[in-house]
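Q:
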């Protein structure tokens, strides 16, 4: 998906919501456990209930890999289902990969390559620690995106991401400044946690226009209004992710309906925000 | 595997060689492509030919994930085969994972949990960028290990790993110092590339006894003698990885024989080095 397609999608749906498909088997409603593929069945019903309110879906790989072969199968089925709606949603492999160039090339193929990948995501999250040659292979597919970790939403973000050089520049700022020259605003985004919203003002000085994928609203306690206040651009420039607060809004047979209600409440708030641009 | 078991294994085999199973389908000898599972068949023959010379095997996940469901199946079969030799080899999932605590917990389950993992590795490589809560879930299984990226063997290592604070401390040094308090010498190792061997002297000042997993000898150009000179401890303290230089020593029907010859040549050099302790 191109940047202008994504912007149009946001305008059309009046939403910049990303739903995280952190579909942990032990949290899926009991009545689905008797179906042939409970994780896929769960995802399908969540997607059906939220597609008109959502611009992106983000399966987190850990929740699939932890189920071994069956989990990988559920992921393939989920992506096959989502890829029917190629023009209606942006897909994110939340995989946080990154390895030497020779290896990243294979990960890129696994997740992004339209010719050979059984998943064929629009984008993948990548960790920056290993530097340029670990990231650039993911940038070699047309209209596919790298979403690089910058400032994450967890407590451990403070351990190394704020490590500061003699000029007062922090590691995450160095990551933003250096990596933004590896790609462009049409193939790179950054992960910036909602729990650190006030830092978005500084981030926008380094990358004024790049899209940001913002986790941490909802279960992790971040605020949508705060994120928009500091991070919104004229093109929106934000994808706000919510996972558990939407997909596990109910653990009963009404889970899809409750997920829709949660997504709708976020989308209505987003519509107001988009009206201010 | 415990630290003392690993040390005994090294003494018994007179080797600290790790063979990287970077089993890329397009590089596997042609005559294997007609077998039911070429990647597994290749791995099995490599393992059979090198088991007495090797203390560790390290499948790199990218090479399996790039084959989708079939690749995951090949990995499960490879691990089932390797886990027959639990006391004879240490196994490393070269996965470079790392996510928020809630998610890392699932990755840990996927790769390490003896009760539920279909892979049941002894260890996993983890990226440090997201900090303590992204790493600690991997430390919760008895006798299982985290191998944390510190100073990698690729060119991109220079992009962020050498980022320096006002006191002249580099990021990888901060990673070593801080993370070594999260676990201990019996459940944490570090990745330090052979291409930066001279930096091992400084690294040993921070972590005098931890095992290091050292990639970059062979195809990437690092030297075994240099690594030993600066990195060897009284317990050895090193696992030297070679991947392509061993497994793709020949692309013909004699690939396993040639792989053994390469492994033997490294093991003989290692035996000499171990005799100096």
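Residue numbers (this note's numbering), protein chains in the order written: chain H, 576 to 852; chain R, 576 to 852. Virtual Cβ for every residue (Gly too), placed ideally from N, Cα, C. Just so it is clear, the structure is predicted and the values come from calculations on it, not from any experiment.
#1: Cβ closer than 8 Å: which chain R residues qualify as neighbours of residue 651(H)?
#2: Skipping 5 residues on each side, what residues in its chain have a beta carbon closer than 6 Å to that of residue 723(H)?
#3: Given this structure, state the Cα-to-Cα distance separating residue 678(H) from residue 785(H), to the nearest angstrom.
#4: For chain H, check one thing: does any of its Cβ atoms lie closer than 8 Å to the Cβ of residue 804(R)?
#5: Can you give me, in chain order, the residues of the segment 691 to 725 of chain R that have a beta carbon less than 7 Å from any beta carbon in chain H?
#6: In angstroms with no decimal places, state the Cα-to-Cα distance between residue 683(R) and residue 790(R).
#7: For residue 716(R), I'd like the list of residues in its chain whose CB is within less than 8 Å of its CB, leaving aside the five on either flank, ordered along the chain.
#8: Would you check if the distance between the CB atom of residue 750(H) and the CB atom of residue 769(H) is smaller than 8 Å?
#9: Can you tell me whether residue 679(R) is helix, strand or coil according to DSSP?
#10: Helix, strand or coil: which one does DSSP assign to residue 839(R)?
#11: Write down the C-beta distance between residue 599(R) and residue 694(H) rounded to the nearest angstrom, noting that I regard them as a contact closer than 8 Å.
#12: Nearest-angstrom Cα distance between residue 672(H) and residue 841(H)?
#13: List, in order along the chain, the chain H residues whose C-beta lies closer than 7 Å to that of residue 678(R)?
#14: Does residue 740(H) have its Cβ less than 8 Å from a Cβ in chain R?
#15: Any chance the segment 647 to 664 of chain H sits against the segment 580 to 587 of chain R, with 3 or more Cβ pairs inside 8 Å?
#16: In chain order, which continuous runs of the alpha helix (DSSP H) of length 4 or greater are located wholly inside the segment 679 to 748 of chain R?
#17: Taking only three categories from DSSP, how would you classify residue 759(H)?
#18: Using a threshold of 8 Å, state whether the C-beta atoms of residue 758(R) and residue 726(R) are closer than that.
#19: Using a Cβ-Cβ distance cut-off of 8 Å, determine whether residue 777(H) contacts chain R.
#20: Rounded to a whole number of angstroms, what is the C-alpha to C-alpha distance between residue 607(H) and residue 712(H)?
#21: Can you tell me which residues form a DSSP beta bridge with residue 602(R)?
#22: Does the segment 624 to 634 of chain H come within contact of the segment 611 to 626 of chain R, defined as at least 3 CB pairs closer than 8 Å?
#23: Residue 792(H) CB to nearest chain R CB: under 8 Å?
#24: Would residue 674(R) count as contacting chain H if we go by Cβ distances under 8 Å?
#25: Taking 8 Å as the threshold (C-beta atoms), are residue 820(R) and residue 837(R) in contact?
#26: Which one of 774(R), 675(R), 782(R) and 667(R) has the shortest CA to CA distance from residue 698(R)?
#27: Give the DSSP bridge partners of residue 595(H), in chain order.
#28: Could you name the residues that DSSP lists as bridge partners for residue 792(H)?
#29: Would you verify that the beta carbon of residue 750(R) is, or is not, closer than 8 Å to some beta carbon of chain H?
#30: Using three-state DSSP, classify residue 848(R) as helix, strand or coil.
#31: Along the chain, where does the alpha helix (DSSP H) containing residue 775(H) start, and where does it finish?
#32: Have a look at the DSSP bridge pairing and note the partners of residue 672(R).
#33: Which residues in chain H sit within 8 Å of residue 668(R), going by Cβ to Cβ distance?
#34: Measuring only between beta-carbons, confirm whether residue 730(H) sits less than 8 Å from chain R.
#35: How do the segment 794 to 811 of chain H and the segment 767 to 782 of chain H stand: do at least 3 beta-carbon pairs fall below 8 Å, yes or no?
#36: If we ignore side chains and look at the alpha-carbon of each, how far apart do residue 640(R) and residue 851(H) end up?
A: To lay it out plainly:
#1: 643 and 644
#2: 701, 703, 754 and 765
#3: 26 Å
#4: no
#5: 693, 702, 703, 704, 705, 706, 707, 708, 709 and 724
#6: 23 Å
#7: 683, 687, 688 and 689
#8: no
#9: helix
#10: helix
#11: Incorrect: roughly 18 Å between the Cβ atoms, too far for contact.
#12: 29 Å
#13: 635 and 637
#14: yes
#15: no
#16: 707 to 710 and 732 to 735
#17: coil
#18: no
#19: no
#20: 39 Å
#21: DSSP lists no partner for residue 602(R).
#22: no
#23: no
#24: yes
#25: yes
#26: 667(R)
#27: 633(H)
#28: 797(H)
#29: yes
#30: helix
#31: 775 to 781
#32: 701(R)
#33: None at all; the shortest Cβ gap to chain H is about 10 Å.
#34: yes
#35: yes
#36: 43 Å
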